[in-house]
Amino acid sequence: MLSYRFRDGVQVGWGEDNVVITAPYATRLNSIRQSLRIDHPGDSLKSLLKDLVGTGVDRENLLILDNAFSNKAEHRELLSELDKFYTKGLLLTEISGSEGTAICLAPVKPSLHRKTAPEGIYRIKFSKFVIVQPSVDGLEIVSPLATGAVRLKDQRLFTILVQLAAACDEATIRGCLPDDLQSHYADVISLLLSSGVAGVCDGWGVADIDQDAVEAGWTFEDLAFHCHTREQMIDLCRNQARQTPIDKKQFPAKHQRIIRGSTALPLPSRINHNLSFFQVVRERKTIRAYQEQPINAGLLSDFLWHSMHIREEISCDPGLSRAYAGLLKPVASAGALHSIELYLCINRCIGLQPGFYHFDSSDHSLGKLCDLIDPCLQMLELAAASTCRAPQAASVSPSQGQLPDVLVVMAARYGRNASLHQQTGLPYALILKDVGSIYQQLYLVATALGLAPCGLSFGSSELFQQASGHPGLLECSVGEFMIGNPPSTHGFEPKAGVVG
Ligand SMILES: Cc1cc2nc3c(=O)[nH]c(=O)nc-3n(C[C@H](O)[C@H](O)[C@H](O)COP(=O)(O)O)c2cc1C
């Protein structure tokens with residue numbers, strides 16, 4: 115039997131002369147749920163809706179035009195309403211055999227296209243992006259590209275998993291079905307294709323649903339992250355199931371660290387230079403080489419002040435339940451959350467001891483966490499080795515890269531971001547966007563100060579964890595940036611100096 119019923123999260127509200135069906139899909143921005151209003155529903159439609167809310171409707175029964183329908187038009191309208199619910203991702207499709215529901219299509223997006231097997235000879239297989247997850251009543255097959263999840267509830271169907279890993283023809287799929295489900299082989303194929311977890315293969319064995327992603331070289335990890343963070347409409351039920359409450363107080367705006375000792379940085383100098391903002395923008399470039407003489411504490415202080423110091427603590431979204439304390443800094447941050455902290459691996463800097471420090475952006479000081487212990491040295495070496503990737507220069511071997519005077523490590527307090535953005539599903543995406551914003555700020559400020567800046571692509575959260583002593587998922591490194599004193603051949607000397 116093939117039957118339909120409303121998926122979880124669908125609500126039906128009965129008015130006097132209308133019915134409003136509220137979907138579990140909502141915009142990420144403001145959680146407004148999609149809804150469908152039907153004015154003056156006839157008795158047969160009301161009865162269909164009641165069945166869909168309850169135990170479901172059997173497709174065969176519905177297709178038969180019997181005495182329940184006074185005319186053909188009413189029957190057609192009913193089928194068209196059912197189709198509308200299906201394409202809006204409101205219906206669970208269940209195929210049952212002698213042992214109950216065997217396989218089920220649960221939509222996860224607000225649009226679902228019914229597909230059937232093509233005419234003639236064809237082969238189908240799973241999308242290369244599917245994952246199989248255990249669920250309370252069987253196995254769930256999902257894919258970032260799919261519009262529905264397929265649930266295998268009857269263990270007798272588990273062999274399908276193995277078969278569909280490679281391209282297989284209709285006869286092979288039929289062979290996976292127990293006797294009581296044989297008559298439904300076309301429905302099972304249609305269910306798999308409609309969900310988007312499987313597709314029809316081309317001559318090279320690529321499933322049709324995967325073609326663009328394969329052509330563009332997407333990896334599963336990137337595709338999952340991209341789809342998860344860029345969809346405008348989200349499935350509230352799935353999102354809520356994944357969420358755990360976060361204690362906001364644990365993640366205040368200003369981050370206090372337990373440190374071995376604090377070193378106040380010199381107050382920012384009045385910068386004695388003639389570069390206009392537009393000259394800075396024009397001059398900005400990556401420099402990966404440094405002179406003998408390292409940078410000094412005054413320059414480092416200016417660099418940090420003009421990039422990251424806290425100008426003001428503000429109250430965000432006051433009056434709303436999600437009210438929180440935000441920060442204003444020279445650099446922008448989504449939601450004024452500023453969940454990224456700067457750590458400095460100071461290799462050499464006149465006026466400061468080498469070591470690993472946390473920058474306190476509130477009182478403009480450096481808190482020492484440890485000396486330049488092995489993980490710090492490894493971070494510096496990894497940074498230097500990353501400069502062999504300089505695309506414009508002749509490639510150098512990893513061992514030829516110069517150690518920076520200071521390696522800036524950006525570490526994210528995920529919980530602070532999640533305390534606001536868990537519901538939107540965007541914490542990590544916004545963290546990475548904040549990292550980009552910080553990279554550009556560091557580039558521009560370093561250029562204005564005559565320092566040698568270089569953003570980095572490679573970093574190690576493990577090394578950061580070892581150096582900082584943080585539990586890795588409370589605060590984890592997400593970006594690295596090198597600075598140093600550029601060789602004089604680069605045309606500009608440090609331009610900052612303390613005046614007076
Ligand atoms: C996010 C990011 C990552 C980067 N990663 C590296 C890197 O790993 N190694 C490196 O030598 N340069 C790296 N760079 C610097 C780029 O190679 C550099 O910006 C690019 O070659 C253009 O040169 P320009 O900055 O002088 O305009 C990175 C820059 C950014 C913004």
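Note that the numbering used here has the sequence shown beginning at 115, numbered continuously upward.
Using N, Cα and C, we set each Cβ at its ideal position, and we do this for glycine too.
What you are looking at is a predicted structure, and each value in this text was computed from that prediction instead of being measured.
Contact test: residue i Cβ vs ligand 1 heavy atom, cutoff 7 Å
{"i": "T377", "result": "no"}
{"i": "R402", "result": "yes"}
{"i": "C568", "result": "yes"}
{"i": "F572", "result": "yes"}
{"i": "T343", "result": "no"}
{"i": "Q506", "result": "yes"}
{"i": "T501", "result": "yes"}
{"i": "Y471", "result": "no"}
{"i": "Y118", "result": "no"}
{"i": "Y542", "result": "no"}
{"i": "K399", "result": "yes"}
{"i": "Y553", "result": "yes"}
As assigned by DSSP and simplified to three states, the class of residue i
{"i": "H423", "result": "coil"}
{"i": "G412", "result": "helix"}
{"i": "V613", "result": "Bear in mind that the predicted position of V613 carries a pLDDT of just 31, short of 50, making it too unreliable to give a figure here."}
{"i": "R298", "result": "Note on identity: in this sequence residue 298 is His, with Arg being the wrong assignment. The answer is helix: DSSP assigns H298 an H, G or I state."}
{"i": "P505", "result": "coil"}
{"i": "M596", "result": "strand"}
{"i": "Y557", "result": "helix"}
{"i": "L337", "result": "helix"}
{"i": "T141", "result": "strand"}
{"i": "H472", "result": "strand"}
{"i": "P608", "result": "Per-residue confidence for P608 stands at a pLDDT of 47, beneath the threshold of 50, marking its modelled position as unreliable; the derived number appears in the next sentence. It is coil, neither helix nor strand."}
{"i": "P248", "result": "strand"}
{"i": "F254", "result": "The sequence shown places Glu at residue 254, not Phe. Looking at E254 - three-state DSSP - the assignment turns out to be strand."}
{"i": "P155", "result": "coil"}
{"i": "A403", "result": "coil"}
{"i": "F240", "result": "strand"}
{"i": "T377", "result": "strand"}
{"i": "Q467", "result": "coil"}
{"i": "E589", "result": "coil"}
{"i": "V124", "result": "coil"}
{"i": "Q536", "result": "coil"}
{"i": "K186", "result": "helix"}
{"i": "Q148", "result": "strand"}
{"i": "S479", "result": "strand"}
{"i": "S551", "result": "helix"}
Short Cβ contact (8 Å threshold) for residue i with residue j
{"i": "I238", "j": "C282", "result": "yes"}
{"i": "F595", "j": "V522", "result": "yes"}
{"i": "L219", "j": "T207", "result": "yes"}
{"i": "L196", "j": "L150", "result": "no"}
{"i": "A566", "j": "I460", "result": "no"}
{"i": "H452", "j": "A367", "result": "yes"}
{"i": "V264", "j": "L306", "result": "yes"}
{"i": "D131", "j": "D153", "result": "yes"}
{"i": "S383", "j": "D416", "result": "yes"}
{"i": "V445", "j": "A526", "result": "no"}
{"i": "A499", "j": "G515", "result": "yes"}
{"i": "A497", "j": "L350", "result": "no"}
{"i": "L266", "j": "I323", "result": "no"}
{"i": "G465", "j": "N410", "result": "yes"}
{"i": "P489", "j": "A581", "result": "yes"}
{"i": "L166", "j": "F120", "result": "yes"}
* Asked: Hey, is the region 371-380 in contact with the region 524-543, meaning 3+ C-beta pairs nearer than 8 Å?
  -> No, they do not touch.
* Do the region 542-558 and the region 575-584 meet, that is, are 3 or more Cβ pairs less than 8 Å apart? -> By the criterion of at least three beta-carbon pairs nearer than 8 Å, the region 542-558 is not in contact with the region 575-584.
* Between the region 285-296 and the region 310-325, do at least 3 Cβ pairs fall closer than 8 Å? -> They do not touch, by the three-pair rule.
* To do: Tell me, please, whether the region 557-569 touches the region 393-407 by the rule of three or more beta-carbon pairs shorter than 8 Å.
  => In short, these stretches touch, since the Cβ pair count reaches three.
* Asked: Does the count of Cβ pairs from the region 242-259 and the region 161-175 closer than 8 Å reach three?
  -> Segment contact: the region 242-259 against the region 161-175, fewer than three CB-CB distances shorter than 8 Å; contact not assigned.
* Asked: Taking one C-beta from the region 420-437 and one from the region 582-600 each time, how about it: are there three or more such pairs within less than 8 Å?
  -> Proximity of the region 420-437 to the region 582-600 falls short of the contact definition, fewer than three beta-carbon pairs being nearer than 8 Å.
* the region 327-334 in contact with the region 221-240 per 3-pair CB rule at 8 Å -> In short, these stretches do not touch, since the Cβ pair count stays below three.
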